[in-house]
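Residue numbers (the numbering used here), protein chains in the order written: chain A, 4 to 319; chain B, -2 to 353; chain C, 56 to 375.
Don't be surprised by glycine CBs; every beta carbon is placed ideally from N, CA and C.
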Amino acid sequence: MKSLLRWESALFVLLVLVAVVGSAATGGSFLTGQGAFNVGSDLAVVALIAMPLTLVVVAAEIDLSVASVLGLSSALIGMLWNAGWPLEAILPVVIVVGAVCGAINGFLVTKLGLPSLAVTIGTLALYRGLAFVVLGDQAVADFPDSYTQFGTTPVPGTWIPYSIVLFVVLAVVFGLLLHATTFGRAVFAIGANEEAARFSGIRVKRIKFILFVLTGAVAALAGIVYTLRYASARADNGTGLELNVVTAVLLGGVSIFGGRGTIGGVILAALVLGGLTDALILDDIANEVVKLVTGILLLASVFAPAVTKRLRGATP
Amino acid sequence: MKRAGFAKRAAVLAAAAVLLAGCGGTTKDNSGGSSGGGQTQTTANPNAPTAKDLKITFLPKQVNNPYFTVAQGGAEKASTALGEQFKATGPSDADASSQVTYINTAAQQGQNALLLAANDSNAVAPALKAARKQGMKVVTFDSDAAADARDVFINQASSQEIAAGQVKLISDAIGGSGEIAILSATANATNQNAWIDIMKQELAKPAYANIKLDEIAYGNDDDQTSFQKTQGLLQAHPNLKGIISPTTVGVAAAARYLDSSSYKGKVALTGLGTPNQMRKFIQDGTVGSVELWDPAKLGELAAYAAVALSSGQITGQQGEKFKAGDLGEYTIGAKGEVVLGPPLTFTKDNIDKYNF
Amino acid sequence: MTAIRELGILIALAVVVGVTAIVNPLFLSGQGIRDLLLNACLVALLTVGQTMVVITRNVDLSVGSVLGLSAFITADTFAVNPVLAVVVGIAVGALCGLVNGALVGLGKVPSLVVTLGTLSVFRGLDFMWAHGRQINAANLPDGFLALGSGSVLGVPYLVIITLVVLAVAAVHLGSYRSGRELYAIGSNPEAAVLVGIPVGRRVFTTFLVSGTVAGLAGVLAVARYGTVDATVGTGLELQVISAVVVGGVAIFGGSGTVAGAALGALLLSTIGSALEVVHIAQFWQQAITGALLIAAIALDRGVALRVAARLRRQSRGVSA
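Right, dumping it as structure tokens:
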């Protein structure tokens, strides 16, 4: 637990550093005004999906299909919009479809007992493929301003993007779920020792299933946010994003073995990653450096606890 | 048990959604569409002095494409000659939304002008509109963004000339009759689709009555994908006699595949290719000829247009003229489009004169 | 047991090829078969290293980036000396594998996270080295490019190289103690330690092999494709893992063969080509690959459960 707090403090320091670097590059507008709005909008999608994924990883599973669910939901929005459906109907349907995608993942993992890494690599391809089947290669872009403004203008009177508001809501919800309910304690128990959790009466399969469903639904929600922000529904939206989300979760100090991690850490990590990317670009630093730094940060996140353990003499 | 309850809840939500649908709501037809992002119309002052120390950002489709590297060279040369500050940036992948962060960055950095080749004409529109509101001028080149999101579009050659030229080249290469296919870039690229539409119109003319277009494949401007799509085209259509690939990545990949396969010499290939990439294949006969324009000149013209806009010499209206250094004087056409000039054809005879 | 699994893949392959050939006989023409084998080569080569890694209950997500980095450095080195270029390419891969192996095998840190990190680091290094450049076929020696598309006695060079590497790995895994120990490590890591298997060293070696093979694949990618930039190999890791899983290698380790994995690569690549030929929109390819992957995992799981149940019955019978 102590090493975790230490890691989160490190993340916080990093966040401050990022803010300083970014502000230096833009004469202060990184944290205020349009700059803050841009950074917020850029990191919102990854941050949103990282919330439920945190619980999944704490439960010692993983879901690599999230970006494909995002793409599928974007494609569905485009297809249904072209078919004349009203947006008010499209959006809830899309979230339900996302939840169904999550349910399929959950079914394969809990009922059939298949390893989630391999399964979600399979559904990553399956859902992305379905996105292309639904919308093909076209891009749908004629969404009305009344909706796209949620992606392009901030909350009136502030510079906060609506997507960040959504993120804050989800962060609170998932934070409470993980850290303040029996459900959350059960998730930790499952990740720490699944057998023991089962013997102590925890309904492991049911809980894991719910986690996958939640992840799918939030991924679909992220797809809505993404589509409205860029005012463009495409089947290839979000390709490769799953790696960013997993990186954010792992960087946040969540152990890949399960049983340890905090929502707070993941929030900090998402902010650091998103802020760092934008700060470096603002400094006209090529994005290959961003890749390099992201990779090194990830390695550091997993070595820091191992190193501190070794230094204290305990066996890892 | 959990699944049954979940399924029930999903069904209820879905039913509610359908009911809502019945009640109306924001649909394609009644939504009133998206608004334009036009700036206030000011009048152009052709005699305004050319501003100096303007901050210009060059943002290509992606940074690994040598075609854009050459265009960047031209834009940089022109900018420096005029005394402006030039910088280039860009994403490493050609995804629709990758450029948005860079557009926002340019606006935040207070850049005066942006030279952009858009990956997706719509995905970048909101960011461009926001940037223009802050006073940044936007000049698109090679691949346009939505017309109401930019000031001027530099088109490399008129779409009609490019497309008609491609059709003529392949027709000559296959002797006027046979099946052909098109290997394009990404399905959304504005320029590709414009050219393909005109190609189809050309093929409908009586002069090309004996030529049949079998298929349009998309190589996504990715070398390996284009390579494998070429394989697929040749296998799927055994009587294929010619391929048009109006993208430098596609034509290079297709040429390489033909060169190393049993189809060499039997299937003709033409397209839009750079001399350096195509030299080997034109010299060994795999490809007869390709067309292109000088991307350096394209970049140069874009830079001149951006400077003219920022100096107030033009506002992007039809009929306005501006000077582009040694390229001469250009007039803005309809919808803010400026055409660079006619395309160049590269054959065995002249390809060694060019180095890009 | 595993022989039956490989047979299953072969049957699936035969069905796909057979059906497609009926629709379009060109699919099985000389050029067609050459194309099928060549397209699968690079992924099949990568599956050799990945199989060894996965058998020990690890995963190497950095292979795509290693291939890309090695490919570009190789292409650049051609300007200096062709032979040196090939050596350098393989060495770059080995170095990357060494880094992975040290971090995972000796540092005892989860491979998923480590290789996810090195995926970014190596790709970042690739971009920095390339600096936006692209190297074309015109810059590469003809002899080398011929390696990518030429053949001897009708069999393409790339296929021969892949088969040789495959054979060496198969023999090592099947007949040498150090190879068989990998299965033990994957089946039960704690037991492996107790039995005296040098787990750290073995795991280190698997990553070293995976990296070296990826380096070799990078060199061959240059020969095959001729045009190289910093994005070569992006996304390949997921294809490789899909191939490995479809090929019967359990993601939890402890079972599977390189032959099966290579066949998995061939099957997936063939499906892609087959769809083109029968005019099914390419869009369906990814969906079908995904569905196939899930089916393969479910099948393997079903089989594994049956085998475990049978073993339990047998052991109960014996102890009675």
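From the beta carbon of F182(C), is the nearest beta carbon of chain B less than 8 Å away?
-> Numbered from its first residue, the third sequence carries residue 182(C) at position 127. Chain B contact via Cβ: present.
Between the region 321 to 353 of chain C and chain E, which residues of the former have a C-beta closer than 9 Å to a C-beta of the latter?
-> Looking at the structure shown, chain E is missing, and the protein chains on hand are A, B and C.
Cα-Cα separation, G34(B) to K130(B) = By 1-based counting over the second sequence, the position of residue 34(B) is 37. By 1-based counting over the second sequence, the position of residue 130(B) is 133. Confidence in G34(B) is poor, its pLDDT being 46 and thus under 50, which makes the residue's placement too unreliable to answer from.
Can you give the beta carbon distance from V283(C) to I190(C), rounded, assuming they're within the 8 Å contact cut?
-> Your numbering for residue 283(C) matches position 228 in the third sequence. Your numbering for residue 190(C) matches position 135 in the third sequence. With a Cβ gap of about 5 Å, V283(C) and I190(C) count as contacting.
Are there three or more Cβ pairs, one per stretch, closer than 8 Å when the region 295 to 312 of chain C is compared with the region 119 to 128 of chain A?
-> yes
Comparing the CB of L150(C) with every heavy atom of the ligand COA, is any distance shorter than 7 Å?
-> As far as ligands go, the structure on display features none, and thus does not contain the ligand COA.
Report back the beta-carbon spacing between L150(C) and V277(C) to the nearest angstrom; my notes put them in contact at under 8 Å.
-> Residue numbering aside, residue 150(C) sits at position 95 when the third sequence is read from its first letter. Residue numbering aside, residue 277(C) sits at position 222 when the third sequence is read from its first letter. No, L150(C) and V277(C) are not in contact; Cβ-Cβ is about 18 Å, not under 8 Å.
Neighbour list for F307(C) in chain A, Cβ cutoff strictly below 8 Å = Indexing the third sequence from 1 puts residue 307(C) at position 252. Ordered by position in chain A, the residues that pass the 8 Å Cβ test against F307(C) are P118.
Flag this pair as yes or no: are the beta carbons of G264(A) and G277(A) separated by less than 8 Å?
-> The residue you call residue 264(A) lines up with position 261 of the first sequence. The residue you call residue 277(A) lines up with position 274 of the first sequence. Contact: no.
What do you get for S174(B), buried or exposed, if any count of 16 or more other CB atoms within 10 angstroms of its CB means buried?
-> Position 177 of the second sequence holds residue 174(B). Answer is exposed; the Cβ neighbour count stays below 16.
Does any C-beta atom of chain A lie closer than 8 Å to the C-beta of V97(B)?
-> By one-based count along the second sequence, residue 97(B) stands at place 100. Output row for V97(B): interface = yes.
Could you tell me whether the Cβ of V122(A) comes closer than 8 Å to any Cβ of chain C?
-> Taking the first residue of the first sequence as position 1, residue 122(A) is located at position 119. So, interface residue.
Cβ pair I64(C), G319(C) closer than 8 Å | Against the third sequence, residue 64(C) aligns to sequence position 9. Against the third sequence, residue 319(C) aligns to sequence position 264. Yes.
What's the call for V240(C), buried or exposed, on a 16-neighbour Cβ count within 10 Å?
-> On the third sequence, residue 240(C) is found 185 positions in, with the first residue counted as 1. Val is not the amino acid found at residue 240(C); the sequence shown has Ile there. The residue is buried, with at least 16 neighbouring Cβ atoms inside 10 Å.
Mark T218(A) as exposed unless 16 or more other C-beta atoms lie within 10 angstroms of its C-beta, in which case mark it buried.
-> If you number the first sequence from 1, residue 218(A) lands on position 215. Buried: at least 16 other Cβ atoms inside 10 Å.
Along the beta strand (DSSP E) that carries I208(B), what are the first and last residues, could you check?
-> Translated into positions along the second sequence, residue 208(B) becomes position 211. Residues I208 to Y215.
Mind listing, in chain order, the continuous alpha helix (DSSP H) runs of no fewer than 4 residues lying wholly within the region 76 to 157 of chain A?
-> 90 to 109, 119 to 138 and 148 to 155
Taking only the alpha-carbon atoms, compute the straight-line gap between V112(A) and S119(A) and give it to the nearest angstrom.
-> For the purposes of this step, residue 112(A) is taken as residue 109 along the first sequence, with counting starting at 1. For the purposes of this step, residue 119(A) is taken as residue 116 along the first sequence, with counting starting at 1. Roughly 6 Å separates the two Cα atoms.
Touch check for the region 131 to 151 of chain A and the region 71 to 80 of chain A: three-plus C-beta pairs under 8 Å?
-> yes
Which listed residue (T66(B), K74(B) and K58(B)) has its alpha carbon closest to that of D323(B) | The count along the second sequence starts at 1 and reaches residue 323(B) at position 326. Ranking T66(B), K74(B) and K58(B) by Cα distance to D323(B) puts K74(B) first.
Check whether the Cβ of V23(A) lies closer than 8 Å to any Cβ atom in chain B.
-> Along the first sequence, one-based indexing puts residue 23(A) at 20. Cβ-Cβ to chain B under 8 Å: no for V23(A).
Entirely within the region 153 to 221 of chain B and at least 3 residues each: give me those beta strand (DSSP E) ranges in chain order.
-> 175 to 181 and 208 to 215
Test: N417(B) CB closer than 8 Å to a CB of chain A = Any question about residue 417(B) goes unanswered here, given that chain B covers just -2 to 353.
Any Cβ of chain B within less than 8 Å of the Cβ of S235(A)?
-> Taking the first sequence and counting its residues from 1, the one referred to as residue 235(A) is at position 232. Yes, contact with chain B.
Three-state secondary structure assigned by DSSP to F343(B) | As a working mapping, residue 343(B) is identified with position 346 in the second sequence. Strand, per DSSP.
How long is the line joining the alpha carbons of Q315(B) and E334(B), rounded to whole angstroms?
-> Along the second sequence, read from residue 1 onward, the residue named residue 315(B) stands at position 318. Along the second sequence, read from residue 1 onward, the residue named residue 334(B) stands at position 337. When rounded, the distance between both Cα atoms is 8 Å.
If V121(B) sits next to A299(B), beta carbons under 8 Å apart, how far is it from one beta carbon to the other, in whole angstroms?
-> Counted from its first residue, the second sequence places residue 121(B) at position 124. Counted from its first residue, the second sequence places residue 299(B) at position 302. So it is not a contact: roughly 16 Å between Cβ atoms.
How would you label A1(B), buried or exposed, when you count the other beta carbons within 10 angstroms and need 16 or more for buried?
-> Working through the second sequence from its first residue, we reach residue 1(B) at position 4. With a pLDDT of only 45 at A1(B), under 50, the local geometry of the prediction cannot be trusted, and the value read off the model is given with reservation. Label assigned to A1(B): exposed.
Could you work out which residue in V103(A), S235(A) and G116(A) is closest to I213(A) when comparing CA atoms only?
-> What you label residue 213(A) is simply residue 210 of the first sequence in a count that begins at 1. The candidate whose alpha carbon is nearest that of I213(A) is V103(A).
Quick one, which of I205(A), A39(A), L117(A) and G43(A) has its alpha-carbon nearest G357(C)'s?
-> Position 302 of the third sequence, counting from 1, holds the residue named residue 357(C). Checked all of I205(A), A39(A), L117(A) and G43(A); the closest Cα to G357(C) is L117(A).
What does DSSP give as the partner residues of Q82(B) in its beta bridges?
-> By one-based count along the second sequence, residue 82(B) stands at place 85. Bridge partners of Q82(B): K52(B).
Are the Cβ atoms of D218(B) and V246(B) separated by less than 8 Å?
-> In the second sequence, the residue the question calls residue 218(B) occupies position 221. In the second sequence, the residue the question calls residue 246(B) occupies position 249. Cβ distance < 8 Å, so D218(B) and V246(B) count as in contact.
So which of S233(C), K163(C) and P137(C) has the shortest CA-CA distance to L200(C)?
-> Stepping through the third sequence from its first residue, residue 200(C) is reached at position 145. Selected option, being the one with the closest Cα: P137(C).
Within-8 Å CB hit, R367(C) to chain A = Mapped onto the third sequence, residue 367(C) falls at position 312. Answer no: the Cβ-Cβ gap between R367(C) and chain A never drops below 8 Å.
Can you list, in chain order, the stretches of the alpha helix (DSSP H) that have 4 or more residues and sit fully within the region 242 to 308 of chain C?
-> 244 to 250, 254 to 280 and 291 to 301
T267(B) - DSSP class collapsed to helix/strand/coil | If you number the second sequence from 1, residue 267(B) lands on position 270. In this structure, T267(B) counts as strand in the three-state DSSP scheme.
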